[in-house]
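For the sequence shown, this note's numbering begins at -11 and goes up steadily by one. For every residue, glycine included, the Cβ atom is placed at its ideal position computed from N, Cα and C. Note that this is a predicted model, so its numbers are computed, not measured.
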Amino acid sequence: MSVLRLAVTTVVMAAIAVVLAALTPSIPDMAGTLATAQRTADTAGPDVLVISASGLLAWAVWCWGAVGLALTAATALPGVLGGGARLLLHVVLPAGARRSAALALGLGLGVVGPLLGTAAGLPLIPSASAAPTGSTVPDWPSAEAASATPDWPARSTTAVPDWPSGPDVTSGHVVVRGDCLWHIAASRLLDELGRPASNGEVATAVQAWWAANADVIGPDPDLLLPGQVLRPPGSP
C-alpha cells in the first residue's frame, strides 16, 4: 500500500466532509425535517425537504465510501485482520468500487494473483535453439511428373436435349400480390372492348377465367398465389 496515496485519499475525503458540512444542515436537523415532512412542507416549503433529503443522501454516500476505503486499507494487514477486512469489503463494495478503492490507495488487490495464474497457464514456446539443425529436402513433385499431360475427359459432343419450354406468358396473366380474378377480368375487358365493362360483363368474365384456369387456381376462385400464370378464356 502506498502511504502517499493513503494520505492523499484521507485528505480528499476530509475535504469532502468539510464541504458537505458547510453546504448542508446538521444531520439531526435534516433527520428531524424529514420526520415531520408534512409540517415542514406546510411551514417552510417543499424545497427544505428536498435539501434535507439530498444532504442525508450525500452524507450516506460519503460514509459508504469512507468505510469502503478503510476496509480496503485494512486488507493490507496480515493474518486474521486482513482476511476479515477482505470478507467485509466484498459485502460493502461491489467489484468495480473495490477496484477503484484499491487504485486510489495504491493496492494491487486481485491483480497479482490472476496475473501469476495466467502466466503459469501459458504454454511454453520452444526457443529457436531447440529447432532441428539438420537440413531436410522438401518432397516436391518432380519436373517429369509436373509436365505430364493431365488426363482431362474429352469434350462431349452430345447435342443438348430439346427440353419443353415453360408456360407461355405472352398472352396470359402472371399473378402478382394483390391480384384477384375480378380485377384481371375487368382489365382484360377494358383492353378488348375499349371501354369499362359493366358488372355483369365482369362477373361473366370472372367465371370464364376460373373455368379456364381451374387446374391452376383450384376450388377457391378468390385465392390467387403470386407467380401463377392464368390463361385467358378461349386460349388453347
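{"Asked": "List, from N- to C-terminal side, the beta strand (DSSP E) runs of 3 residues or more that fit wholly inside the region 150 to 201.", "Found": "none"}
{"Asked": "Give me the Cα-Cα distance between G20 and A41, rounded to the nearest whole angstrom.", "Found": "11 angstroms"}
{"Asked": "Measuring only the C-alpha atoms, how far is L57 from W47?", "Found": "15 angstroms"}
{"Asked": "Determine whether the beta carbon atoms of L218 and H161 lie at a separation below 8 angstroms.", "Found": "yes"}
{"Asked": "How far does the alpha helix (DSSP H) with L22 in it reach, from first residue to last?", "Found": "I15 to A23"}
{"Asked": "Please return the same chain residues whose Cβ sits closer than 7 angstroms to the Cβ of A2, not counting the five positions on each side in sequence.", "Found": "none"}
{"Asked": "Any idea what DSSP makes of L228, helix, strand or coil?", "Found": "Examination of residue 228 is not possible in this model, given that the chain is present from -11 through 224 alone."}
{"Asked": "Sorted by chain position, which residues of the same chain lie with C-beta nearer than 6 angstroms to I172's C-beta, five sequence neighbours on each side aside?", "Found": "H161"}
{"Asked": "If we count the other Cβ atoms within 10 Å of its Cβ and call it buried at 16 or more, is A32 buried or exposed?", "Found": "exposed"}
{"Asked": "Can you tell me where the alpha helix (DSSP H) holding R74 begins and where it ends?", "Found": "G67 to V80"}
{"Asked": "Please classify G188 as buried or exposed, where buried requires at least 16 other C-beta atoms within 10 Å of its C-beta.", "Found": "exposed"}
{"Asked": "Rounded to the nearest angstrom, how far is the Cβ of W198 from that of P209, given a contact under 8 angstroms?", "Found": "4 angstroms"}
{"Asked": "Look at the alpha carbon of P184 and the alpha carbon of S175, and state the distance between them as a whole number of angstroms.", "Found": "8 angstroms"}
{"Asked": "DSSP state of L(-8), grouped into three classes?", "Found": "helix"}
{"Asked": "What residues are listed by DSSP as bridge partners for V217?", "Found": "V162"}
{"Asked": "To the nearest angstrom, how far is it from the Cα of R24 to the Cα of G71?", "Found": "In the sequence on display, residue 24 carries Thr and not Arg. Whole-angstrom Cα-Cα distance: 43 angstroms."}
{"Asked": "Thinking C-alpha only, which one of D179, I39, D167 and W170 is nearest D17?", "Found": "I39"}
{"Asked": "Going by the CB atoms, is the gap between V55 and V229 shorter than 8 angstroms?", "Found": "Any question about residue 229 goes unanswered here, given that the chain covers just -11 to 224."}
{"Asked": "By the 10 Å Cβ neighbour count, where 16 or more other Cβ atoms means buried, how is V194 classified, buried or exposed?", "Found": "buried"}
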